[in-house]
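Peer 1: Here the sequence shown stands for residues 1 to 209, where the numbers follow UniProt numbering.
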Amino acid sequence: MDTRLVYLYLVLFLFINLNFSPEAQASSAEKPNKHAIIHTSMGDINIELYAHDAPITVANFIAYIKDSAYKGGEFYRVVRSDNDQGTPQIAVIQGRAHPQHIDFAPIPIETTQYTSRKHQDGTLSMARGGPNTATQEFFICVGDQPALDFGGKRNPDGLGFAAFGRVTSGMDIVRRIQQNRNTKSVEEPYIKDQILAQPIEIQAITLSK
């Protein structure tokens with residue numbers, strides 16, 4: 001088995017056992033969430049990760065961080081009311097790892113019904129296709145996005161997306177990225193005028209002490 005997969009499974013095992021043991025549940029309120037910094041070519045975005053509410057998703061994200069997957073990644077997609085072809089409309093920016101990084105195995109979806117973490121302004125959430133297919137792509141909400149919660153109508157399966165963190169500072173950078181209108185032509189109508197011609201570089205994502 002790929003050594004990176006072994007590492008990911010180990011991280012997931014530790015997170016699940018640490019967060020769901022009786023001792024962890026008794027003291028979870030006293031344990032702080034994880035924090036990280038998204039370093040971009042436009043400035044830093046500081047984030048808080050909901051390690052106790054979304055342990056599988058956060059463990060997965062941290063595994064990618066520790067594997068330096070986001071070094072040379074990018075925010076490549078911007079969605080606003082004037083370029084969104086989906087229903088209901090949403091407002092987000094979407095990021096991904098370096099294109100040469102090999103994804104880990106997909107993770108189970110921790111829905112907002114399970115975590116109670118909604119898609120509000122500044123929320124970090126996992127991008128996905130079908131259920132349980134998320135790997136390393138993520139997005140940041142610009143404004144409240146209830147259509148992305150469990151039971152929301154943005155995704156036909158009704159499961160919504162896995163919210164796993166929030167921006168604590170740097171939303172000005174997020175909004176500047178979202179307002180970028182220099183996009184390239186694409187064949188798929190659904191993402192017309194959303195894919196940036198010059199993506200915003202993610203120089204790295206680092207964990208804060």
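Glycine included, every Cβ here is placed at the ideal spot set by N, Cα and C. Bear in mind that the values here come from a model prediction, so they are computed numbers and not experimental data.
1. Check each candidate in Gly160, Arg80, Gly73 and Arg117 and name the one with the smallest Cα separation from glutamate 137.
2. Where in the UniProt domain "PPIase cyclophilin-type" (39-189) do unbroken runs of the alpha helix (DSSP H), each at least 4 residues long, occur, reported from the N-terminal end onward?
3. Should leucine 207 go down as buried or exposed, given a rule of 16 or more other Cβ atoms within 10 Å for buried?
4. What does the alpha-carbon distance come out to for the pair phenylalanine 150 and threonine 111?
5. So is serine 125 buried or exposed if we call it buried at 16+ other beta carbons inside 10 Å?
6. Quick one: what's isoleucine 195 bridged to in DSSP?
7. Quick check: what's the CA-CA separation for isoleucine 38 versus proline 156?
8. Taking the C-alpha atoms as reference points, what is the distance between isoleucine 109 and glycine 158?
9. For isoleucine 177 and isoleucine 200, which I take to be in contact (beta-carbon distance under 8 Å), what is that distance rounded to the nearest angstrom?
10. Using DSSP with H/G/I as helix, E/B as strand and the rest coil, what is lysine 34?
11. Within this structure, are the beta carbons of phenylalanine 75 and isoleucine 202 separated by less than 8 Å?
12. Output the distance between the C-alpha atoms of proline 55 and serine 81, rounded to the nearest integer angstrom.
13. What does the Cβ neighbour count give for valine 186, buried or exposed, with the cut at 16 atoms within 10 Å?
14. Would you mind sorting asparagine 182 into buried or exposed? The rule is 16 or more other CB atoms within 10 Å of its CB.
15. Does threonine 135 pass the burial test, meaning 16 or more other C-beta atoms within 10 Å, or should it be called exposed?
Peer 2: Well, looking at it:
1. Locating residue 137 in the sequence shown gives position 137, counting from the first residue. The option with the nearest alpha carbon to glutamate 137 is Gly73.
2. 55-66, 112-115 and 171-178
3. Here residue 207 corresponds to residue number 207 of the sequence shown, with the count starting at 1. Exposed, because fewer than 16 other Cβ atoms sit within 10 Å of the Cβ of leucine 207.
4. As a position in the sequence shown, residue 150 is number 150, starting the count at 1. As a position in the sequence shown, residue 111 is number 111, starting the count at 1. Cα to Cα, the separation comes out at about 6 Å.
5. Counting from one through the sequence shown, the residue named residue 125 turns up at place 125. Answer is buried; the Cβ neighbour count reaches 16.
6. Taking the first residue of the sequence shown as position 1, residue 195 is located at position 195. Answer is Arg77.
7. Working through the sequence shown from its first residue, we reach residue 38 at position 38. Working through the sequence shown from its first residue, we reach residue 156 at position 156. Cα-Cα distance, rounded: 31 Å.
8. For the purposes of this step, residue 109 is taken as residue 109 along the sequence shown, with counting starting at 1. For the purposes of this step, residue 158 is taken as residue 158 along the sequence shown, with counting starting at 1. The straight-line gap from Cα to Cα measures roughly 12 Å.
9. The count along the sequence shown starts at 1 and reaches residue 177 at position 177. The count along the sequence shown starts at 1 and reaches residue 200 at position 200. Going by Cβ atoms, the distance from isoleucine 177 to isoleucine 200 rounds to 5 Å, so yes, they are a contact pair.
10. Within the sequence shown, the letter at position 34 stands for residue 34. In this structure, lysine 34 counts as strand in the three-state DSSP scheme.
11. Taking the sequence shown and counting its residues from 1, the one referred to as residue 75 is at position 75. Taking the sequence shown and counting its residues from 1, the one referred to as residue 202 is at position 202. Closer than 8 Å, so yes.
12. The residue you call residue 55 lines up with position 55 of the sequence shown. The residue you call residue 81 lines up with position 81 of the sequence shown. Going by the C-alpha atoms only, they are around 32 Å apart.
13. One-based indexing of the sequence shown puts residue 186 at position 186. Exposed.
14. Numbered from its first residue, the sequence shown carries residue 182 at position 182. Looking at its Cβ environment, which holds fewer than 16 other Cβ atoms inside 10 Å, asparagine 182 is exposed.
15. As a working mapping, residue 135 is identified with position 135 in the sequence shown. Under this definition threonine 135 is a buried residue.
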